[in-house]
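For reference, the structure is listed below as structure tokens.
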Amino acid sequence: VCAINALQGMDMDLKTGRSPFAMNTAGLSGPAMFAVALAAVWRIARGVSIPVVAIGGAASGEDVLKFLAAGAEAVQLGTAFFADPGLPGRVPTELGEFLDARECPDLEPLKPRWRHAAEETP
16 VCAINALQGM DMDLKTGRSP FAMNTAGLSG PAMFAVALAA VWRIARGVSI PVVAIGGAAS
76 GEDVLKFLAA GAEAVQLGTA FFADPGLPGR VPTELGEFLD ARECPDLEPL KPRWRHAAEE
136 TP
């Protein structure tokens, strides 16, 4: 399951009263939708027994970790590349630093703890 990609957004030109987009609406992506995508991944991962791929707003290693903590098995990075072309090199470094600080060889030992904590959330 891939969750969630872009949200539908719109803008309005107050001079013309029309949308600047040919189809009136357009996809909203990037960091503006991270919190919505994180909540969706958390809800979906709790309800399915197949892998969930998080899509939407991740712009750092910390964002990737949050998606994994919410139940994602993988995370797609997209729009953030436009603002930060160095992101593909930085995210693995940030993930490595996170693991080194916890003396973990990989993320697997942390996943059960994250899942248990998420289940306690009202």
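Okay, so the sequence shown: first residue is 16 according to my numbering, each after it adds one. Beta carbons: idealized from backbone N, C-alpha and C, even for Gly.
Expected contact under 8 Å - CB spacing of residue i and residue j to nearest Å
i: Ala74; j: Ala95; result: 4 Å
i: Gly42; j: Ala21; result: 3 Å
i: Leu110; j: Val79; result: 7 Å
Separation of residue j from residue i, as counted between CA atoms
i: Thr40; j: Leu83; result: 31 Å
i: Ser44; j: Met25; result: 12 Å
i: Leu92; j: Ser34; result: 28 Å
i: Arg105; j: Phe36; result: 34 Å
i: Gln23; j: Pro100; result: 25 Å
i: Val16; j: Met27; result: 33 Å
i: Trp129; j: Thr108; result: 21 Å
i: Trp57; j: Arg117; result: 23 Å
Assigned exposure category for residue i - 16 Cβ within 10 Å defines buried
i: Leu29; result: exposed
i: Val63; result: exposed
i: Gly72; result: buried
i: Gly32; result: exposed
i: Asp115; result: exposed
i: Ala60; result: buried
i: Ala18; result: buried
i: Gly76; result: buried
Checklist entry - Any contact of the stretch 85 to 95 with the stretch 58 to 69, i.e. 3+ C-beta pairs under 8 Å? => result yes
Checklist entry - So does the stretch 43 to 51 actually touch the stretch 117 to 129, counting three or more Cβ pairs closer than 8 Å? => result no
Checklist entry - Of all the beta strand (DSSP E) runs that stay within the bounds of the stretch 42 to 78, which reach a length of 3 or more residues? => result For the stretch 42 to 78, whole beta strand (DSSP E) runs of length 3 or above, ordered along the chain, are 68 to 70.
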